[in-house]
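Below is one structure, written out as structure tokens; comments come after it.
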Amino acid sequence: MAKYIDNYNDLKELGIDCDQTNDSLTEIFNRAASHLQSLLPNIDSQMLLILYGYYKQGSEGICNVPKPSWFDMRAKSKWEAWNKLGNMPQVEARRLYVESIKKLDPGFDDSEDKHLPKEQWVKVSSMLDDTFIADCDKTMVDHIKEGNIEEVKKYLNSSNIIATINESDADGLAPIHWAADSGFLEIVKILINSGAEVNLQDADGQTALHYASSCGHVECVKYLLEQGGQTDSIDNEGCTPLSVASDDSVKELLSNGL
1 MAKYIDNYND LKELGIDCDQ TNDSLTEIFN RAASHLQSLL PNIDSQMLLI
51 LYGYYKQGSE GICNVPKPSW FDMRAKSKWE AWNKLGNMPQ VEARRLYVES
101 IKKLDPGFDD SEDKHLPKEQ WVKVSSMLDD TFIADCDKTM VDHIKEGNIE
151 EVKKYLNSSN IIATINESDA DGLAPIHWAA DSGFLEIVKI LINSGAEVNL
201 QDADGQTALH YASSCGHVEC VKYLLEQGGQ TDSIDNEGCT PLSVASDDSV
251 KELLSNGL
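Right, dumping it as structure tokens:
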């Protein structure tokens, strides 16, 4: 879902921490991981995910952690980048990692024994961080993420915005999904009163009720139910709002109605 919160508590997010044999490839692999820091921020998030997959496979082997919760888009993306490498040998993953760094920076000299401190390895939680956006360049969704009610109202006063209120953005989410995910009840109300579809599904088949339920936003859940939110709506993974709910109050609302 919309929140990009890392919950990989069982994974080490700082690289160059693997206790490998001191063979030459491993040494080059570690130097390449150190060198990546100097290439930021000129690498796009997709490439960073590829590198993350190679790094995890090269340092820890086959993906050995459960798939993250479906609403955590960042953790899910990282897990998929690692898991899709399947049974790839660690040696092959290290080799591909080093080759990727060389392609990004042909000047990288893998024969030099130069290291950056461990703490300078890029944290995976920074892979998809939003960059600074000037106020004049912010979209309605940007203001929704910030919970800026007044700016959202201003955007909704524009007829062309009204016409696209139910359209998905590059992340596959519409404004109502972002608002419900954050629990911004007033913005959810404004959006629905302005024509947002209560049961609109995002790219993964999730509705605003899925978002509010999974995040435990009780008041949002109540309001969405009042507005006709469908408790039996099924997303692409076969989940209903009830099946993704963790809060007991939300479960009761969804099970028994208002």
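Residue numbers for the sequence shown follow full-length UniProt numbering, beginning at 1 and rising by one.
Heads up, the beta-carbon is just placed ideally off N, CA and C, and yes, glycines get one too.
Compare the C-beta of I43 against all C-beta atoms of chain D and say whether one is closer than 8 Å.
The structure shown contains no chain D, having only a single protein chain.
How about the region 136-151 and the region 72-92: do they share at least three Cβ pairs that are nearer than 8 Å?
No, because fewer than three Cβ pairs between the region 136-151 and the region 72-92 fall closer than 8 Å, the two stretches do not touch.
Is the beta carbon of M88 closer than 8 Å to that of Q37?
Your numbering for residue 37 matches position 37 in the sequence shown. Your numbering for residue 88 matches position 88 in the sequence shown. No, these two residues do not count as a Cβ contact at 8 Å.
Please report the residue range of the alpha helix (DSSP H) in which D142 lies.
In the sequence shown, the residue the question calls residue 142 occupies position 142. Per DSSP, D142 belongs to the alpha helix (DSSP H) from 140-146.
Looking only at C-alpha atoms, which of R31, N64, K78, V198 sits nearest to S45?
As a first step, residue 45 is located in the sequence shown; it is residue number 45 there, counting from the start. When each option's Cα is compared against that of S45, the closest is K78.
My understanding is that D202 touches L173, with C-beta atoms under 8 Å, so please give their C-beta distance in whole angstroms.
To locate residue 202, count along the sequence shown from 1; it is residue 202. To locate residue 173, count along the sequence shown from 1; it is residue 173. That belief holds up - the Cβ atoms of D202 and L173 are roughly 5 Å apart, short of 8 Å.
Between G107, L25, S182, L85, which lies nearest to L39 when the distance is taken from Cα to Cα?
Here the question's residue 39 lines up with position 39 in the sequence shown. Measuring from the Cα of L39, the nearest candidate turns out to be G107.
Give me the Cβ distance between E219 and L185, rounded to the nearest whole Å; I'm assuming they're in contact under 8 Å.
Here residue 219 refers to the residue found at position 219 of the sequence shown. Here residue 185 refers to the residue found at position 185 of the sequence shown. Right, their Cβ atoms sit about 5 Å apart.
Tell me the residue span of the alpha helix (DSSP H) that contains G58.
Translated into positions along the sequence shown, residue 58 becomes position 58. Segment 45-60, the alpha helix (DSSP H) holding G58.
Is it buried or exposed for M127, if we count other Cβ within 10 angstroms and need 16 for buried?
Here residue 127 refers to the residue found at position 127 when the sequence shown is read from its first residue. Note that M127 scores 40 on pLDDT, short of 50, meaning its location in the model is unreliable and no value can be drawn from it.
In three-state DSSP terms, what is F108?
The count along the sequence shown starts at 1 and reaches residue 108 at position 108. Looking at F108 - three-state DSSP - the assignment turns out to be coil, as it is neither helix nor strand.
Indicate whether V244 and H210 have their beta-carbon atoms separated by less than 8 Å.
As a working mapping, residue 244 is identified with position 244 in the sequence shown. As a working mapping, residue 210 is identified with position 210 in the sequence shown. Result yes, Cβ atoms of V244 and H210 sit closer than 8 Å.
Should S34 be labelled buried (16 or more other beta-carbon atoms within 10 Å of its own) or exposed?
Indexing the sequence shown from 1 puts residue 34 at position 34. Result: buried.
Once DSSP output is grouped into helix, strand and coil, what is the label at Q37?
Counted from its first residue, the sequence shown places residue 37 at position 37. Of the three classes helix, strand and coil, the one that applies to Q37 here is helix, per DSSP.
In chain order, what residues of the same chain have a beta carbon less than 8 Å from the beta carbon of L200, not counting five sequence neighbours either side?
Position 200 of the sequence shown, counted from the start, is the residue given in the question as residue 200. For L200, where only same-chain residues beyond five positions count, the Cβ hits under 8 Å are N166, A174, I176, H177, T207, A208.
Among D105, D181, K145, G86, which one has its Cα closest to the Cα of N42?
Counting from one through the sequence shown, the residue named residue 42 turns up at place 42. For N42, the nearest C-alpha among the options comes from D105.
My guess is that S100 and Y52 are in contact by the Cβ rule of under 8 Å, so how many angstroms apart are they, rounded?
Position 100 of the sequence shown, counted from the start, is the residue given in the question as residue 100. Position 52 of the sequence shown, counted from the start, is the residue given in the question as residue 52. So it is not a contact: roughly 11 Å between Cβ atoms.
If Q227 and V198 are in contact, beta carbons under 8 Å, what's the gap, nearest whole angstrom?
For the purposes of this step, residue 227 is taken as the residue at position 227 of the sequence shown. For the purposes of this step, residue 198 is taken as the residue at position 198 of the sequence shown. About 5 Å; that satisfies the 8 Å criterion.
Ignoring anything shorter than 4 residues, give me the alpha helix (DSSP H) runs that lie fully in the region 155-215, in order along the chain.
Fully enclosed alpha helix (DSSP H) runs of 4 or longer: 159-163, 175-182, 185-193, 208-215.
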